[in-house]
Amino acid sequence: MRVKNDSLEFRLKMALQQPNWEEALNTILQGKHPADIALSLDQMLPKEAQLVFSALDTERAAEVLDELPPILSRFLTDNSLPSRVAEMLDLLPMDDAAEIISEASPAQQGKLLAELDSRSPEDAADVRELLAYGEETAGRLMTDKFLRITAQLTVDEAFAAVRHADSEVETLNDLFVVESANGEDERLIGILSLRDLVCAKPSQTISEVMTTDLVTVRVDTDQQDAARILSKYDFLALPVLDIRGYLAGIITVDDIIDVLIEEFTEDYLKLVGTDAEEMARRSPLQVAKLRLPWLMATMLIELMAGVVISRFDWVLREVILLASFMPVISAISGNVGLQAAAIIIRGLDTGHVSLDNLGKAVRKEVLTALLMACACGLILGTIGAVWSRHIPFGFVIGGAMTVSMLTASLMGTIIPIMSKRLGFDPAATAGPFETAFQDVIGFAVFLWLASLLLPWLK
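Going left to right, the sequence shown walks through residues 14 to 471 as my numbering numbers them.
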């Protein structure tokens, strides 16, 4: 029986095979959300995605381009006419346009900026200003399209300003109260939420109802730190100040969500030993140089496990069944350590785990691991006792499983935090080191217990 595939990706691929493929694509894509289209394009071959992308009208194409992952965005912008891409960028908020241009190849970046210059010099200047800030900083994420008001306005006048706000303003949830510093720069003196504005009396002035307890970041603040601050205070927008302390822009919550997803995905991929973006942008030699040092360190530590096993090889010769349980203990413990490392790395990214609360994080993870280790040790020990028909054998297996899992959990918790303190990337170091140390200690305890109880294991 043939299974019917109704996925958007499948339907788009089928449409590309038809003689009138452009018309077929337009029919399928009618009414589809840009995010759904972007997801389907990401699952297709690059050349197929390019054909679908070329069939979209400029406005839809701009929305789809804004939703694409960096690798596919780079491919499509590099293989599209600069004039068409610039037309799309002109429809997007300038922070999104700057992000798309930054993901293009260096040669294409120059062409896109030149095209944007010819279409809208003011927008091109805004994009260049954003690109001047470092990658993964608050300055790169911010936008200057927000509603500014003065403290002297009444609530009624502020409502009028909201009603007549420019369509390019990114958010009206918060109004930013400013005063002129030197005729050009603006000093942020307060923030007023739309909720507070609605609840205020029409005759009150903004200075009476605005919040002056301000939380801000600088343009050079790391984007992860900005994300933590916005998450901590549950803001919908975060003001960004330049190095002189004047208001430069704001970061909206939708951009922060993208940052958190991107950072967690990147850290998870590094944790398991790969990074799709690095693989795409770097040569095989560069990727090997990036990953090989940590693997070499892991190999050296694992050799210690080999030394441990060689010291107790006489135990394995006496009770060969012990060797059957070693892969099980290693695999289960390794997964526990990777889980712990992933949780800690995510906590470091979101700010829920820090160097200041190291003890609390370690205690919580060790107690969790203790419960899981006791359960797994009891089960595996019972299986070992039944299999060997010797209760001491089950004791050795269960004890080794418990200790190995506790070690893996402890290493998976401590190594990312210590790596962060020493200035290394926690995602790159946690996986290899956790697995290696867990093998060394787990096998050592396993074979040591077996040597002590050897007379009862035969």
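A virtual CB, placed ideally from N, CA and C, is assigned to each residue, including glycine. Quantities reported herein were computed from a predicted structural model and do not represent experimental measurements.
First through last residue of the alpha helix (DSSP H) which encompasses residue 207: 207 to 212
Beta-carbon gap between residue 227 and residue 188 smaller than 8 Å: no
C-beta contact flag for residue 424 and residue 408 at 8 Å: no
Run of the alpha helix (DSSP H) containing residue 256, from where it starts to where it stops: Looking at the DSSP string, residue 256 is not in any alpha helix (DSSP H), and its letter there is neither H nor E.
Assigned secondary structure, residue 94 (DSSP; H/G/I helix, E/B strand, else coil): coil
Where the beta strand (DSSP E) containing residue 188 begins and where it ends: 187 to 193
Cβ separation of residue 79 and residue 105, assumed to be a contact under 8 Å, to the nearest whole Å: 6 Å
For residue 263 and residue 120, the rounded distance between their alpha carbons: 30 Å
Top-ranked residue by Cα proximity to residue 155, from 107, 172 and 163: 107
Collapsed DSSP secondary structure at residue 449 in the structure displayed: helix
Element boundaries [alpha helix (DSSP H), containing residue 111]: 107 to 116
Where residue 137 sits in the DSSP three-state scheme: helix
Alpha-carbon spacing of residue 33 relative to residue 22, whole angstroms: 18 Å
At least 3 beta-carbon pairs within less than 8 Å: the segment 130 to 150 vs the segment 162 to 170: no
Buried or exposed (CB count within 10 angstroms, at least 16 for buried), residue 98: buried
Where residue 462 falls, given that 16 or more other Cβ within 10 Å makes a residue buried: buried
Nonlocal neighbours in the same chain, by C-beta distance under 7 Å from residue 410, ignoring five residues either side: 338, 393, 394 and 397
For residue 333, the three-state DSSP class (helix, strand or coil): coil
Per-residue DSSP class, three states only, for residue 487: Look at the range of the chain in this structure, 14 to 471, and you will see that residue 487 is not part of it.
Alpha-carbon spacing of residue 356 relative to residue 191, whole angstroms: 41 Å
Helix, strand or coil at residue 196 according to DSSP, with G and I counted as helix: coil
Where the alpha helix (DSSP H) containing residue 147 begins and where it ends: Unbroken run through residue 147: none, as it is neither H nor E.
DSSP bridge partner residues for residue 201 (one or two, in chain order): 191
Min CB distance residue 172 to chain B below 8 Å: The structure shown contains no chain B, having only a single protein chain.
As assigned by DSSP and simplified to three states, the class of residue 235: strand
Close Cβ partners of residue 59 (< 6 Å) along its chain, the five nearest in sequence each way excluded: 88
Supposed contact pair residue 42 and residue 85 - C-beta distance, whole angstroms, cut 8 Å: Not really, about 17 Å apart at Cβ, beyond 8 Å.
Local conformation of residue 65 per DSSP, three classes: helix
Spatial neighbours of residue 474 in its chain, beta-carbon cut-off 7 Å, leaving aside the 5 residues before and after: Residue numbering for the chain in the displayed model covers 14 to 471; residue 474 lies beyond these limits and cannot be assessed.
Residue 262 in three-state terms, based on DSSP: strand
Minimum C-alpha distance to residue 158 - residue among 176, 182, 143 and 147: 182
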